[in-house]
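Take a look at the structure set out below.
2 protein chains.
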Amino acid sequence: MGFDPLTLKYDVNGLIPAIAQDEDSGEVLMMAWMNANAVLRTLQSGRVTYWSRSRQAFWVKGETSGHVQELVDFRVDCDRDCLLLRVRQTGPACHTNRRSCFYTALRDGGEVEILTPETG
Amino acid sequence: MGFDPLTLKYDVNGLIPAIAQDEDSGEVLMMAWMNANAVLRTLQSGRVTYWSRSRQAFWVKGETSGHVQELVDFRVDCDRDCLLLRVRQTGPACHTNRRSCFYTALRDGGEVEILTPETG
Numbered sequence: 001m002g003f004d005p006l007t008l009k010y011d012v013n014g015l016i017p018a019i020a021q022d023e024d025s026g027e028v029l030m031m032a033w034m035n036a037n038a039v040l041r042t043l044q045s046g047r048v049t050y051w052s053r054s055r056q057a058f059w060v061k062g063e064t065s066g067h068v069q070e071l072v073d074f075r076v077d078c079d080r081d082c083l084l085l086r087v088r089q090t091g092p093a094c095h096t097n098r099r100s101c102f103y104t105a106l107r108d109g110g111e112v113e114i115l116t117p118e119t120g
Numbered sequence: 001m002g003f004d005p006l007t008l009k010y011d012v013n014g015l016i017p018a019i020a021q022d023e024d025s026g027e028v029l030m031m032a033w034m035n036a037n038a039v040l041r042t043l044q045s046g047r048v049t050y051w052s053r054s055r056q057a058f059w060v061k062g063e064t065s066g067h068v069q070e071l072v073d074f075r076v077d078c079d080r081d082c083l084l085l086r087v088r089q090t091g092p093a094c095h096t097n098r099r100s101c102f103y104t105a106l107r108d109g110g111e112v113e114i115l116t117p118e119t120g
């Protein structure tokens, strides 16, 4: 692979934000963080792998839930400090069982839930 | 307005990442940062206002370029530490004059530009 993950810009914790977008629907599913090794693992495996800041460990998305993200396209922004991952999402992306983590919207000054948890 | 921007989770610098997505096309345009006051200004004005980390100042998107972002919907993620802004984008969102900042994709192990600068 010619691409070197170290050419990306990481923050003081060595992390870069990664936005996951559903390849088919265009829906923004979630945002999480990667370090250079997580970028490498994602590119090598085709399976989106974040860095869990709370667990301080690799987080192979869907490893326990089965709600995996298959990498379809890997994009870098103009500043090289943010990633956009076009993915094929199996099941819900959010740990609340909703399709997307962005299920809360502000409407008329109050918060409303615009997605309900999936069942089954 | 019933919503209090201080109920969001900010990082050690008092910032929260905000993803701007084109309301019509679903295209992810850019990611930038907001502090609580930028969130407030965005909600009150309907004009997306970030916090510029390099300039340490409010950044009313498009104030000088005219490439404004009109807020259509404001969404919060499950952890309340990331925002998704559905926007109506005038002109290109990227300072390189491309529609989106995510114009670089990895293909066959190399970087390719998938968007060209807009003219006129």
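So the sequences go chain by chain: A and B.
Quick note: the first sequence uses full-length UniProt numbering, first residue 1, plus one each step.
Quick note: the second sequence uses full-length UniProt numbering, first residue 1, plus one each step.
For each residue, glycine too, the CB sits at the ideal point set by N, CA and C.
What you are looking at is a predicted structure, and each value in this text was computed from that prediction instead of being measured.
Member of 24/B, 105/B and 87/B whose CA lies at the smallest distance from the CA of residue 61/B
As a first step, residue 61/B is located in the second sequence; it is residue number 61 there, counting from the start. Of the candidates 24/B, 105/B and 87/B, the one whose C-alpha sits nearest the C-alpha of residue 61/B is 87/B.
With distances taken Cα to Cα, identify the nearest neighbour of residue 18/A among 33/A, 26/A, 27/A and 5/A.
Residue mapping note: residue 18/A aligns to position 18 of the first sequence, counting from 1. Nearest of 33/A, 26/A, 27/A and 5/A to residue 18/A, Cα basis: 33/A.
Output the boundary residues of the alpha helix (DSSP H) element that contains residue 41/B.
To locate residue 41/B, count along the second sequence from 1; it is residue 41. First-last of the alpha helix (DSSP H) with residue 41/B: 36-45.
Report the residue ranges of all beta strand (DSSP E) runs contained in full by the UniProt domain "Phosphoribosyl-AMP cyclohydrolase" (30-103) of chain A; include only those spanning at least 3 residues, in chain order.
49-52, 57-60, 69-76 and 83-89
Where do the ends of the beta strand (DSSP E) carrying residue 4/A lie?
For the purposes of this step, residue 4/A is taken as residue 4 along the first sequence, with counting starting at 1. Neither: residue 4/A is in no beta strand (DSSP E) and is coded neither H nor E.
Residue 12/B - DSSP class collapsed to helix/strand/coil
Within the second sequence, numbered from 1, the residue matching residue 12/B stands at position 12. Reduced to three states, the DSSP call for residue 12/B is coil.
Check the Cβ of residue 95/B against every Cβ in chain A and list those closer than 8 angstroms, keeping chain order.
Reading the second sequence from its first residue, position 95 is the one you call residue 95/B. Under the 8 angstroms cutoff, chain A gives 78.
Please go through the same chain and pick out, in chain order, the residues whose beta-carbon is closer than 7 angstroms to the beta-carbon of residue 92/A, but skip the five residues on each side of it.
Numbered from its first residue, the first sequence carries residue 92/A at position 92. Cβ neighbours of residue 92/A beyond the five flanking positions: 67, 98, 99 and 118.
Name, please, each residue of chain A whose Cβ falls closer than 7 angstroms to the Cβ of residue 17/B.
Within the second sequence, numbered from 1, the residue matching residue 17/B stands at position 17. Residues of chain A passing the Cβ test: 17 and 31.
Please report the straight-line C-alpha distance between residue 111/B and residue 108/A, rounded to a whole angstrom.
As a position in the second sequence, residue 111/B is number 111, starting the count at 1. As a position in the first sequence, residue 108/A is number 108, starting the count at 1. One C-alpha to the other measures close to 43 angstroms.
For residue 20/B, count neighbouring Cβ atoms within 10 angstroms of its own Cβ and tell me buried if that reaches 16, exposed if not.
In the second sequence, the residue the question calls residue 20/B occupies position 20. The residue in question, residue 20/B, is buried, as its Cβ has 16 or more Cβ neighbours within 10 Å.
Would a C-beta distance cut-off of 9 angstroms place residue 82/B and residue 95/A closer than the cut-off?
One-based indexing of the second sequence puts residue 82/B at position 82. One-based indexing of the first sequence puts residue 95/A at position 95. Result no, Cβ atoms of residue 82/B and residue 95/A do not sit closer than 9 angstroms.
Compile a chain-ordered list of the residues in the stretch 101-120 of chain B whose CB is closer than 9 angstroms to at least one CB of chain A.
101, 102, 103, 104, 105, 106, 107, 108, 109, 110, 111 and 114
What does DSSP give as the partner residue(s) for residue 113/A in the beta ladder?
For the purposes of this step, residue 113/A is taken as the residue at position 113 of the first sequence. BP columns for residue 113/A point to 104/A.
Can you name the residues that DSSP bridges to residue 22/B?
If you number the second sequence from 1, residue 22/B lands on position 22. Paired residue(s): 87/B.
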